[in-house]
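Colleague: Just so you know, our numbering puts 344 at position 106 of the sequence shown, and the rest follows in order with no gaps. Got a structure here, written out as structure tokens. Questions coming.
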Amino acid sequence: MKLTEIARAVATQVTDKPNKPQLRGLHHATIKRNLAVSLVLCTISVIAVKILHNDRRKANYAEFYNNGQRAVATQVTDKPNKPQLRGLHHATIKRNLAVSLVLCTISVIAVKILHNDRRKANYAEFYKNYDAEAAYERMRKAGLFQAASADD
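Written as structure tokens, this is what we have:
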């Protein structure tokens with residue numbers, strides 16, 4: 239073959255390539271996206287714990303101490319409300335379990351929607367226009383296979 243024919247063949251191979259999926263840097267892009275999703279979910283869980291747990295606990299303590307001071311100041315014989323001591327750990331575990339189940343469900347749904355569905359759509363789009371025979375012929379002509387001859 240002449241040098242011009244080889245250059246022409248290489249130029250047509252370069253311009254006739256179908257759109258390939260992103261392979262280089264795909265792992266890093268996936269890691270970045272997963273990191274962003276996990277940061278958002280962690281922020282949501284911290285806010286939920288603050289709202290559900292800390293604010294309620296502060297209100298209970300404030301109510302307990304205010305009632306105690308009010309009772310002493312007014313010399314009322316009524317006893318102030320006592321905090322729950324018996325079974326408190328089990329009640330806290332039940333509430334935390336419910337919160338964690340809700341947050342886990344939300345995170346699983348978010349990962350499915352933001353990551354898995356997008357990935358399935360990318361693969362479906364690629365293979366919708368993919369011609370395996372043309373790709374095989376292009377690779378065979380380029381000489382990538384040992385068992386198939388490149389000159390046909």
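Every residue gets a Cβ at the ideal spot worked out from N, C-alpha and C, and that includes glycine. Fair warning: this is a prediction, and the values are worked out from it, not measured in the lab.
What is the DSSP secondary structure of residue 317, counted as helix, strand or coil?
Modeller: One-based indexing of the sequence shown puts residue 317 at position 79. Reduced to three states, the DSSP call for residue 317 is coil.
Colleague: For the putative contact between residue 386 and residue 376, defined by C-beta atoms under 8 Å, what is the C-beta separation to the nearest angstrom?
Modeller: The residue labelled residue 386 in the question sits at position 148 within the sequence shown. The residue labelled residue 376 in the question sits at position 138 within the sequence shown. The Cβ separation is near 12 Å, so there is no contact.
Colleague: Rounding to the nearest angstrom, what Cα-Cα distance links residue 323 and residue 298 in this structure?
Modeller: Here the question's residue 323 lines up with position 85 in the sequence shown. Here the question's residue 298 lines up with position 60 in the sequence shown. Going by the C-alpha atoms only, they are around 13 Å apart.
Colleague: Where does residue 309 fall in DSSP's three states?
Modeller: Here residue 309 corresponds to residue number 71 of the sequence shown, with the count starting at 1. With a pLDDT of 49 at residue 309, under the threshold of 50, the modelled position of this residue cannot be trusted; read the value that follows with caution. Correct three-state label for residue 309: helix.
Colleague: CB residue 279 to CB residue 345, shorter than 8 Å?
Modeller: For the purposes of this step, residue 279 is taken as residue 41 along the sequence shown, with counting starting at 1. For the purposes of this step, residue 345 is taken as residue 107 along the sequence shown, with counting starting at 1. Against a cut-off of 8 Å, the Cβ pair of residue 345 and residue 279 comes out as a contact.
Colleague: Indicate the three-state DSSP secondary structure (helix, strand or coil) for residue 295 in the structure shown.
Modeller: Counted from its first residue, the sequence shown places residue 295 at position 57. In the structure shown, residue 295 sits in a helix (DSSP, three-state: H, G or I).
Colleague: Do residue 370 and residue 381 have their C-beta atoms within less than 8 Å of each other?
Modeller: Translated into the one-based positions of the sequence shown, residue 370 becomes position 132. Translated into the one-based positions of the sequence shown, residue 381 becomes position 143. No, they are not a contact pair.
Colleague: Starting from residue 333 and walking both ways along the alpha helix (DSSP H), at which residues does that stretch end?
Modeller: Against the sequence shown, residue 333 aligns to sequence position 95. Looking at the DSSP string, the run of the alpha helix (DSSP H) that includes residue 333 is 326–349.
Colleague: If residue 352 and residue 275 are in contact, beta carbons under 8 Å, what's the gap, nearest whole angstrom?
Modeller: The count along the sequence shown starts at 1 and reaches residue 352 at position 114. The count along the sequence shown starts at 1 and reaches residue 275 at position 37. Contact holds; Cβ gap of about 6 Å.
Colleague: So what's residue 387 in DSSP terms, helix, strand or just coil?
Modeller: Position 149 of the sequence shown, counting from 1, holds the residue named residue 387. Looking at residue 387 - three-state DSSP - the assignment turns out to be coil, as it is neither helix nor strand.
Colleague: Using a Cβ-Cβ cut-off of 7 Å (strictly less than) and excluding sequence neighbours within five positions of residue 349, which residues of its own chain qualify?
Modeller: Taking the sequence shown and counting its residues from 1, the one referred to as residue 349 is at position 111. Same-chain partners within the cutoff: 275.
Colleague: Output needed for residue 319: all residues of its chain with C-beta closer than 8 Å, excluding positions within five of it in sequence on either side, in chain order.
Modeller: On the sequence shown, residue 319 is found 81 positions in, with the first residue counted as 1. Only 301, 302 and 305 meet the Cβ criterion.
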